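Notes to accompany the following structure.
In our numbering, the protein residues as written are 1005 to 1159.
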């Protein structure tokens, strides 16, 4: 396997691949932080939805991507591409992201990593939810929603 596309979380003390439980725990810490941000957006969405703002599900999906998914992806990318090479959860547990040859991730590589592991599945899940929640869509779009949901789960 080429080191070019293989990034991994390593223990800061011995530079070996970190055990799965530490990686999951770091992920949990990061997602607690992300959940606080997402939770802060809920009142804004409720206010817009109950107000005079009438948006189609497709537009709501686009808005959620711009105000939630993209900023979270960029936030995680910035942490992994900076000098510490670790998100807050990884730092807390003494982990960092390295290439297989031990180097730091570039901004582009960190963005690709987070786009594939965060943004793509999250957006597919949102697309599925928005398509399936809209009673006005046709059967073919509903099936696309189901396919997006399944793809998000698989990723």
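Cβ atoms here follow ideal geometry from the backbone N, Cα and C, with glycine treated the same way.
Quick caveat, the model's predicted, so the values are computed rather than measured.
| query | result |
| --- | --- |
| Please classify residue 1103: does DSSP put it in a helix, a strand, or coil? | strand |
| Mapping the DSSP letters down to three states, classify residue 1021 as helix, strand or coil. | strand |
| Please identify the residue among 1042, 1024, 1030 and 1029 whose C-alpha is closest to the C-alpha of residue 1126. | 1042 |
| With a cut-off of 8 angstroms on the beta carbons, I'd call residue 1129 and residue 1031 a contact; round off their distance for me. | About 16 angstroms; that fails the 8 angstroms criterion. |
| Can you give the Cα-Cα distance for residue 1035 and residue 1028, rounded to whole angstroms? | 10 angstroms |
| Going by the beta-carbon positions, is the gap between residue 1085 and residue 1119 smaller than 7 angstroms? | no |
| Can you tell which of 1108, 1091, 1106 and 1023 has the C-alpha that lies nearest to the C-alpha of residue 1080? | 1091 |
| By Cβ distance, which residues of its chain are closer than 7 angstroms to residue 1068, with the 5 residues on each side in sequence left out? | 1130 |
| In terms of residue numbering, what span does the alpha helix (DSSP H) encompassing residue 1118 cover? | 1111-1118 |
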